[in-house]
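All residue numbers for the sequence shown refer to the working numbering, where the first residue is 668 and numbers rise by one.
Every residue gets a Cβ at the ideal spot worked out from N, C-alpha and C, and that includes glycine.
Okay, so here's the structure we're looking at.
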Amino acid sequence: ARVCPRISACTSTSNEAANAPVEATPLPATPLPFKAVQTVVLPLATVTVREARQAAVNFCFDVISPQGTLLLQASSQEEMQLWMQVIQNGTAERLGSLTRMTEHALQNTTLGLLRETPGNEACADCGAADPTWASINLGVLVCLACAGVHRQMGVHISKVRSLELDTKEWSPSLVSLMAAMGNRRLNDAWQARLPEEQRITPDASNAQREAFIRNKYEFRAFVPEWPVPAHALHVAALVDDVG
Numbered sequence: 668a669r670v671c672p673r674i675s676a677c678t679s680t681s682n683e684a685a686n687a688p689v690e691a692t693p694l695p696a697t698p699l700p701f702k703a704v705q706t707v708v709l710p711l712a713t714v715t716v717r718e719a720r721q722a723a724v725n726f727c728f729d730v731i732s733p734q735g736t737l738l739l740q741a742s743s744q745e746e747m748q749l750w751m752q753v754i755q756n757g758t759a760e761r762l763g764s765l766t767r768m769t770e771h772a773l774q775n776t777t778l779g780l781l782r783e784t785p786g787n788e789a790c791a792d793c794g795a796a797d798p799t800w801a802s803i804n805l806g807v808l809v810c811l812a813c814a815g816v817h818r819q820m821g822v823h824i825s826k827v828r829s830l831e832l833d834t835k836e837w838s839p840s841l842v843s844l845m846a847a848m849g850n851r852r853l854n855d856a857w858q859a860r861l862p863e864e865q866r867i868t869p870d871a872s873n874a875q876r877e878a879f880i881r882n883k884y885e886f887r888a889f890v891p892e893w894p895v896p897a898h899a900l901h902v903a904a905l906v907d908d909v910g
């Protein structure tokens with residue numbers, strides 16, 4: 668039987684946050700489609716993950732920590748990539764909660780440059796402060812919680828990248844395009860017909876967050892009634908003709 672990872676990040680912000688564990692989730696009452704072999708607790712802030720290319724079987728990845736290395740196997744390439752991204756996102760969130768970049772440290776970084784664009788100081792969807800993720804095809808900056816929903820929608824709708832971790836993704840031309848748009852300008856289009864009572868806040872439930880983001884981007888429920896080709900928002904933002 669393969670080992671199936673079932674982990675969740677502890678979100679404590681106390682002084683012991685650096686030792687926040689990766690905890691096994693409780694087993695459900697219904698039978699699992701795999702055999703539960705072992706429960707392991709690791710400090711999330713010290714965990715890294717990589718594909719186990721030398722493994723004798725497919726779809727394996729290593730979870731590496733000072734306590735040791737776990738070799739885990741997924742059922743498919745897609746599931747493996749998803750688990751790796753979930754762990755990376757959790758580690759990034761933990762590290763981000765432990766250390767805040769100073770204004771000086773942000774200078775000349777992709778995150779620092781894009782933060783200067785009006786509206787980018789807050790998540791385009793829920794308004795959470797200091798977003799560190801972005802949808803490179805939609806042009807918006809979003810928080811970690813909203814980035815998770817963007818990823819669930821699929822890359823045909825939103826291609827999510829970290830502004831801190833995915834450094835190779837950020838070419839000068841992409842950064843320039845993103846900086847020319849900004850959350851405020853793009854939301855003038857994406858939320859042009861958004862009723863005030865349907866807006867979400869950073870403390871929205873997972874269900875509320877997912878429903879709002881899918882309505883906004885997947886179903887385009889709040890855009891103007893005139894047709895908007897998929898690329899038109901990018902062009903309109905560059906010539907300051909959105910809204």
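Going straight from the alpha carbon of Ala791 to that of Tyr884, what length do you get? Reading the sequence shown from its first residue, position 124 is the one you call residue 791. Reading the sequence shown from its first residue, position 217 is the one you call residue 884. If you take the alpha carbons of Ala791 and Tyr884, they lie about 12 Å apart.
Between which two residues does the alpha helix (DSSP H) holding Gln819 run? For the purposes of this step, residue 819 is identified with residue 152 of the sequence shown, where counting begins at 1. For Gln819, the enclosing alpha helix (DSSP H) covers residues Leu811 to Met820.
Expressed to the nearest angstrom, what Euclidean distance is found between the alpha-carbon atoms of Pro891 and Gln865? Position 224 of the sequence shown, counted from the first residue, corresponds to residue 891. Position 198 of the sequence shown, counted from the first residue, corresponds to residue 865. Going by the C-alpha atoms only, they are around 16 Å apart.
Can you name, in chain order, every residue of its own chain whose Cβ lies under 8 Å from the Cβ of Leu778, other than the five neighbours on each side? Here residue 778 refers to the residue found at position 111 when the sequence shown is read from its first residue. Cβ within range, chain order: Met768, Thr799, Leu830 and Glu831.
Starting from Asp729, follow its DSSP beta bridges and name the residues at the other end. Numbered from 1 along the sequence shown, position 62 holds the residue referred to as residue 729. Arg717 and Leu738.
Going by DSSP in three states, Ala888 sits in which element: helix, strand or coil? Residue mapping note: residue 888 aligns to position 221 of the sequence shown, counting from 1. Coil.
Burial state of Ala860 (16 or more Cβ within 10 Å): If you number the sequence shown from 1, residue 860 lands on position 193. With the sequence shown as reference, residue 860 is identified as Arg, and Ala is not the correct amino acid for it. Exposed.
The ligand SAH heavy atom lying under 7 Å from the CB of Trp837: This structure does not include the ligand SAH; it has no bound ligands of any sort.
Return the chain-ordered list of same chain residues with a C-beta closer than 7 Å to the C-beta of Val753, the five sequence neighbours on each side being excluded. Residue mapping note: residue 753 aligns to position 86 of the sequence shown, counting from 1. Cβ-Cβ distances below 7 Å link Val753 to nothing in the same chain once the five nearest sequence neighbours on each side are left out.
Considering only the alpha carbon of each residue, which of Pro733, Ala723 and Thr776 lies closest to Lys835? If you number the sequence shown from 1, residue 835 lands on position 168. Relative to the Cα of Lys835, the nearest Cα in the group Pro733, Ala723 and Thr776 belongs to Thr776.
Excluding the 5 residues preceding and the 5 following Ser825 in the sequence, name in chain order all residues of the same chain whose CB lies nearer than 7 Å to its CB. In the sequence shown, residue 825 corresponds to position 158, counting from 1. Taken in chain order, the residues that qualify are Ser802, Asn804, Leu805, His817 and Tyr884.
Give the list of continuous alpha helix (DSSP H) stretches no shorter than 4 residues that lie fully inside the region 795–872. Counting only runs of 4 or more, we get 811–820, 839–848 and 850–857.
So, are the CB atoms of Leu773 and Val842 less than 8 Å apart? The residue you call residue 773 lines up with position 106 of the sequence shown. The residue you call residue 842 lines up with position 175 of the sequence shown. It is not a contact, given that the beta carbons lie outside the stated cut-off.
Val809: buried (16+ other C-beta within 10 angstroms of its C-beta) or exposed? Taking the first residue of the sequence shown as 1, we reach residue 809 at position 142. Counting the other CB atoms within 10 Å of its CB gives Val809 a total of 16 or more, which places it among the buried residues.
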